[in-house]
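In the working numbering, the protein residues as written are 29 to 165.
C-beta: ideal position from N, C-alpha, C; glycine also.
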């Protein structure tokens with residue numbers, strides 16, 4: 029996966045080889061994650077009890093802040109875009125008034141809030157932290 033890191037036109041791409049043997053701990057990423065099964069048979073599971081079995085050449089996309097994990101016996105390639113939270117995001121999120129109401133609206137919001145095209149996405153980060161078991165800032 030090393031060739032993906034540090035390319036001139038996509039410097040933030042990340043790649044990781046994962047070996048699944050049994051049942052692992054839950055993962056929860058700050059950015060969206062793509063998985064490609066390279067061998068074996070693995071089960072992608074979520075905390076709510078849902079599961080899906082994947083085999084060689086199957087793939088899965090997991091949204092940011094969605095707790096998930098793997099079980100079975102196989103090999104995966106995990107690809108990420110390198111997204112992360114900066115200190116500016118944390119300052120903005122910690123200054124939110126009426127956080128519970130904002131989080132309820134932002135959970136599945138696909139539209140901007142009128143003053144900024146990406147405003148809904150920033151608020152989803154706080155709700156995502158709660159889904160991952162992390163306290164919001």
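DSSP-derived helix/strand/coil call for residue i
i, result
"residue 129", "helix"
"residue 120", "helix"
"residue 75", "coil"
"residue 163", "Low local confidence applies: a pLDDT of 49 at residue 163 is under 50, so the model's placement there is unreliable, with the coordinate-based value given in what follows. Note: residue 163 maps to coil in three-state DSSP."
"residue 37", "coil"
"residue 88", "strand"
"residue 109", "coil"
"residue 70", "strand"
Within 8 Å, strictly: CB atoms of residue i and residue j
i, j, result
"residue 70", "residue 82", "yes"
"residue 110", "residue 61", "no"
"residue 105", "residue 64", "yes"
"residue 67", "residue 102", "yes"
Exposed unless 16 or more other CB atoms sit within 10 angstroms - verdict on residue i
i, result
"residue 98", "buried"
"residue 153", "Only weak support is given to the placement of residue 153: the predicted model assigns it a pLDDT of 48, under 50, and the value that follows is read from those uncertain coordinates. Residue 153 comes out buried."
"residue 48", "buried"
Pick from the options that is closest to residue i, judged by C-alpha positions
i, options, result
"residue 94", "72, 42, 101 and 87", "72"
"residue 90", "55, 103 and 51", "55"
"residue 74", "51, 85, 86 and 84", "51"
"residue 25", "116, 96, 85 and 84", "It is not possible to answer for residue 25, since the shown part of the chain is limited to 29 through 165."
"residue 84", "36, 126 and 100", "100"
Close beta carbons around residue i, own chain, < 8 Å, minus the five adjacent residues each side
i, result
"residue 87", "62, 63, 64 and 65"
"residue 37", "none"
7 Å CB neighbourhood of residue i in its chain, flanking five on each side removed
i, result
"residue 92", "57, 58, 59, 60 and 156"
Own chain residues within Cβ distance below 6 Å of residue i, not counting five before or after
i, result
"residue 80", "72"
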